[in-house]
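Asker:
In my numbering, the protein residues as written are 1 to 184.
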């Protein structure tokens, strides 16, 4: 009788252990997110000065006073809440500058969303001003549907929307609302 009771208890314990073993999942991501609210950043960086290099040559320099890291979300991003300044250097070391009051870099899409007082000054002194501008890092393409002001050596062009490659070699103001020819 003792053997039969012992076998029953052993069978019940075995079934219980097997059931527990198969019910457990690898929830490391969920465990890591415990204590971190979905609405809170996973990290905060202050006084950033990041230099990007290619073959020992500085290609870009990003400066920002505060960045919030939301890469713990399903659609990960980094947000520069107190503004960002980006200096971009071409192969001849000519500098272009991008300034915005706020910028969001989306990890999965490679899109950078710049907002509020966006100003791009190219190395040849062309200036683009708008309140919102997107940059597609993969296609190296700038675009917006917001009102813009684009100043070249010859003209000041105002319109609603802008498209251009990152080198501004085919910059186009969309829905032109005015052109002022500048004196030399």
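All residues carry an ideal CB built from backbone N, CA and C; glycine is no exception.
So does the region 142 to 150 actually touch the region 121 to 128, counting three or more Cβ pairs closer than 8 Å?
Answerer: Short answer: they touch.
Asker: Closest by CA to residue 152, which one among 86, 43, 170?
Answerer: Closest by alpha carbon: 170.
Asker: Tell me which same chain residues have a C-beta within less than 8 Å of the C-beta of residue 52, skipping the five on either side of it?
Answerer: Only 58, 59, 60, 61, 62 meet the Cβ criterion.
Asker: Out of curiosity, what's the CA-to-CA distance linking residue 74 and residue 118?
Answerer: Taking the straight line from one Cα to the other gives about 28 Å.
Asker: Between which two residues does the beta strand (DSSP E) containing residue 96 stretch?
Answerer: That run of the beta strand (DSSP E) goes 95 to 100.
Asker: Alpha carbon to alpha carbon, how far is residue 132 from residue 71? Give it in angstroms, no decimals.
Answerer: When rounded, the distance between both Cα atoms is 23 Å.
Asker: Between 84, 93, 106, which has its C-alpha nearest residue 99's C-alpha?
Answerer: Selected option, being the one with the closest Cα: 84.
Asker: State the Cα-Cα distance for the pair residue 54 and residue 92, rounded to the nearest angstrom.
Answerer: Taking the straight line joining both Cα atoms gives about 13 Å.
Asker: Report the residue from 69, 48, 56 whose alpha carbon sits nearest the alpha carbon of residue 40.
Answerer: For residue 40, the nearest C-alpha among the options comes from 69.
Asker: For residue 177 versus residue 165, is the C-beta spacing smaller than 9 Å?
Answerer: Contact: no.
Asker: Taking the runs of the beta strand (DSSP E) that are 3 residues or longer, which of them lie wholly in the region 55 to 95?
Answerer: Segments of the beta strand (DSSP E) lying fully in the region 55 to 95: 57 to 70, 77 to 80, 84 to 89.
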